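For what it's worth, the working numbering labels the leading residue of the sequence shown as -4, then goes sequentially.
Glycine included, each C-beta is placed from N, C-alpha and C at the ideal position.
Because the structure is a prediction, the values reported are computed rather than measured.
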Amino acid sequence: PPEDEPDADGYESDDCTALGTLDFSLLYDQENNALHCTISKAKGLKPMDHNGLADPYVKLHLLPGASKANKLRTKTLRNTLNPTWNETLTYYGITDEDMIRKTLRISVCDEDKFRHNEFIGETRVPLKKLKANHTKTFSICLEKQLPVDKTEDKSLEERGRILISLKYSSQKQGLLVGIVRCAHLAAMDANGY
-4 PPEDEPDADG
6 YESDDCTALG
16 TLDFSLLYDQ
26 ENNALHCTIS
36 KAKGLKPMDH
46 NGLADPYVKL
56 HLLPGASKAN
66 KLRTKTLRNT
76 LNPTWNETLT
86 YYGITDEDMI
96 RKTLRISVCD
106 EDKFRHNEFI
116 GETRVPLKKL
126 KANHTKTFSI
136 CLEKQLPVDK
146 TEDKSLEERG
156 RILISLKYSS
166 QKQGLLVGIV
176 RCAHLAAMDA
186 NGY
């Protein structure tokens, strides 16, 4: 597929020197309903470990959405501030509607065996910026963690998908509703189910 020039949208930030930069590309394969995210490399990441280095990995999260199916991550590279992943992570089942209303959050984190993993920086890409079947390359400055807008309309947040069947019964003079399949339902109990 054709490729764009790198997108420099992220370079407005003063955090470039403090947090580092990230190179990646995105491709929406419309025919196969797949979003391919190729994480290339990062440069000049903020040191997070006592040795002045970091153990970075990249985490992807489709927003809005709370299910684990919306989260993907690269492998962790040890002791580097300039990691090269060249790793492609793919979301399947992405619809044209998803491409209009969802945003991809890309976070770079430091893996820590003894404490919680630490956040280094992130960027967000509204999927509507992508053209179907056209690779878009980005080279951006990582930003501090962006707060989730609490005023967002909760009715827009996806809580799962349900496929139903509808049949009008003239004999019963009513609508019969059947549940065919459910997927990616939000957990409602403390145990995660």
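First through last residue of the beta strand (DSSP E) which encompasses residue i
i      : result
Glu92  : Not the beta strand (DSSP E): Glu92 falls in the alpha helix (DSSP H), residues Asp91 to Arg96.
Gly116 : Glu113 to Pro121
His129 : It is not in any beta strand (DSSP E) - His129 carries neither H nor E in the DSSP assignment.
Asp107 : Asp107 -> no beta strand (DSSP E), and no H or E assigned at all.
C-alpha distance - residue i paired with residue j, whole-angstrom precision
i      : j      : result
Ile34  : Leu158 : 34 Å
Thr71  : Glu26  : 31 Å
Leu141 : Gln168 : 52 Å
Leu84  : Leu22  : 11 Å
Leu137 : Thr16  : 6 Å
Leu67  : Val53  : 8 Å
Same chain, Cβ closer than 6 Å to residue i, neighbours up to 5 away in sequence not counted
i      : result
Thr98  : Leu58, Arg119 and Pro121
Asn112 : Cys104 and Glu106
His31  : Leu22, Thr83 and Thr85
Reduced DSSP category for residue i - H, G, I as helix; E, B as strand; rest coil
i      : result
Lys38  : strand
Ala29  : strand
Ala64  : helix
Lys167 : coil
Leu151 : Only weak support is given to the placement of Leu151: the predicted model assigns it a pLDDT of 48, under 50, and the question is left unresolved by the model.
Ala49  : coil
Cβ-heavy atom distance, residue i to the ligand FMN, below 7 Å
i     : result
Phe19 : No copy of the ligand FMN occurs in the structure displayed, which carries no ligand at all.
Close Cβ partners of residue i (< 7 Å) along its chain, the five nearest in sequence each way excluded
i      : result
Asn65  : His56 and Leu57
Ala178 : Gly155 and Arg156
Proximal residues to residue i (C-beta, below 8 Å), its chain only, five neighbours per side dropped
i     : result
Thr90 : Asn28
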